[in-house]
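Let me begin by presenting the structure, written as structure tokens, before commenting on it.
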Amino acid sequence: MRLYDPNPQALQALKGSNIELMLDVPNEGLKDISSSQASADSWIQSNVITYGNVNFKYIVVGNEIDPKGPFAPFVASAMENIQKAVSAAGLATQIKVSTADGQLGYQNLFDAILDAVYEALEKAGGGSLKLVVSESGWPSAGGDGEVTTKENARTYNSNLVKHVKGGTPKRPGSPVETYIFAMFNEDNKTGPEIEKHWGLFFPDKTPKYSIDFN
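Going by UniProt numbering, 71 is the number at position 71 of the sequence shown; the sequence numbering is gapless.
Here it is in structure tokens:
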């Protein structure tokens, strides 16, 4: 499960559960955290250590950062400070901090993007690092009514589950840990109507469509 901000009510509800959690550092907090180790330490103390029996797995530093946007300059330093804070708290083994080859053939952009990142990591000496896809999904409504349908959402998410188990052309047989966006529809979310309809479930916990995770 992924939370895009450290919502106290949601974190409280997850206490004692077996649900693995991916928690975001919101974009708005990157500047302070990038410039201050104390801010990073405080963020981890308030939002992770305070909820000691929540099953934290990843800390995601920022979301959908535009490389040319205002938050981009702060990502690397913020990741470094959050990693130091996690290590200082003794949680480095539990919580991870995250953010084309011509001989290989690609049938989809998903694999191409992942393998491009793997290639870049290898060239930078980080070939042993593991990639995690923090979100991928398909809206079931809110668009033109032809592409944004329940059936298309079910098809995409079902095929995504099957596809990531086989790895990528560059790393076949190595499953890609992937999180579906999103668990619930967000009826009160502002912005374009399509933003409300990415959930596997309606807000009342009713499944929107059947999907097999096995």
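The beta carbon of each residue, even a glycine, is placed where N, CA and C say it ideally should be.
#### Entry: Rounded separation between residue 159 and residue 37 - CA only
By 1-based counting over the sequence shown, the position of residue 159 is 159. By 1-based counting over the sequence shown, the position of residue 37 is 37. Cα atoms of residue 159 and residue 37: separation of roughly 42 Å, rounded to the nearest angstrom.
### Query
In three-state DSSP terms, what is residue 36?
Your numbering for residue 36 matches position 36 in the sequence shown. Residue 36: coil per DSSP, three-state reduction.
### Query
So is residue 127 buried or exposed if we call it buried at 16+ other beta carbons inside 10 Å?
Mapped onto the sequence shown, residue 127 falls at position 127. Under this definition residue 127 is an exposed residue.
### Query
Apart from the five residues just before and just after residue 186, which ones in its own chain have a Cβ nearer than 6 Å to its Cβ?
The sequence position of residue 186 within the sequence shown is 186, counting from 1. Around residue 186: 196.
#### Entry: 6 Å CB neighbourhood of residue 51 in its chain, flanking five on each side removed
Looking up residue 51 in the sequence shown gives position 51. Same-chain partners within the cutoff: 11.
### residue 111 - containing beta strand (DSSP E), residue span
Position 111 of the sequence shown holds residue 111. Residue 111 -> not in any beta strand (DSSP E); alpha helix (DSSP H) instead, spanning 109-123.
### Task
Pull up the CB-CB distance for residue 181 and residue 135, whole angstroms please, since I reckon it's below 8 Å.
Counting from 1 along the sequence shown, the entry for residue 181 is found at position 181. Counting from 1 along the sequence shown, the entry for residue 135 is found at position 135. Indeed they touch by this definition, with Cβ atoms about 4 Å apart.
### Task
Return no unless some Cβ of chain D is closer than 7 Å to the Cβ of residue 13.
Among the protein chains of the structure shown there is no chain D, as only one such chain exists.
### Query
Rounded C-beta distance between residue 44 and residue 61? I'm assuming under 8 Å.
Counting from one through the sequence shown, the residue named residue 44 turns up at place 44. Counting from one through the sequence shown, the residue named residue 61 turns up at place 61. Wrong, their Cβ atoms sit about 12 Å apart, outside the cutoff.
### Task
For residue 98, write down the residues that DSSP places opposite it in a beta bridge.
As a working mapping, residue 98 is identified with position 98 in the sequence shown. Note: residue 98 sits in a beta bridge opposite 60.
### As assigned by DSSP and simplified to three states, the class of residue 154
The sequence position of residue 154 within the sequence shown is 154, counting from 1. The DSSP-derived three-state label of residue 154 is helix.
### Query
The beta strand (DSSP E) with residue 134 in it runs from where to where?
In the sequence shown, residue 134 corresponds to position 134, counting from 1. Taken as a continuous stretch (DSSP letters only), the beta strand (DSSP E) holding residue 134 covers 132-136.
### Query
For residue 120 versus residue 85, is the C-beta distance shorter than 7 Å?
The residue you call residue 120 lines up with position 120 of the sequence shown. The residue you call residue 85 lines up with position 85 of the sequence shown. In this structure, residue 85 does not lie closer than 7 Å to residue 120 by Cβ.
### Query
Contact check, residue 22 vs residue 183 under 8 Å by CB: the rounded distance?
Stepping through the sequence shown from its first residue, residue 22 is reached at position 22. Stepping through the sequence shown from its first residue, residue 183 is reached at position 183. Actually they do not touch by this definition, with Cβ atoms about 12 Å apart.
### Task
Round the Cβ separation of residue 59 and residue 95 to the nearest angstrom and send it over; I've been treating them as touching at under 8 Å.
Mapped onto the sequence shown, residue 59 falls at position 59. Mapped onto the sequence shown, residue 95 falls at position 95. So it is a contact: roughly 6 Å between Cβ atoms.
### Query
So, do the stretch 138-151 and the stretch 104-114 have three or more beta carbon pairs nearer to each other than 8 Å?
The stretch 138-151, when compared against the stretch 104-114, does not touch it at the 8 Å Cβ threshold.
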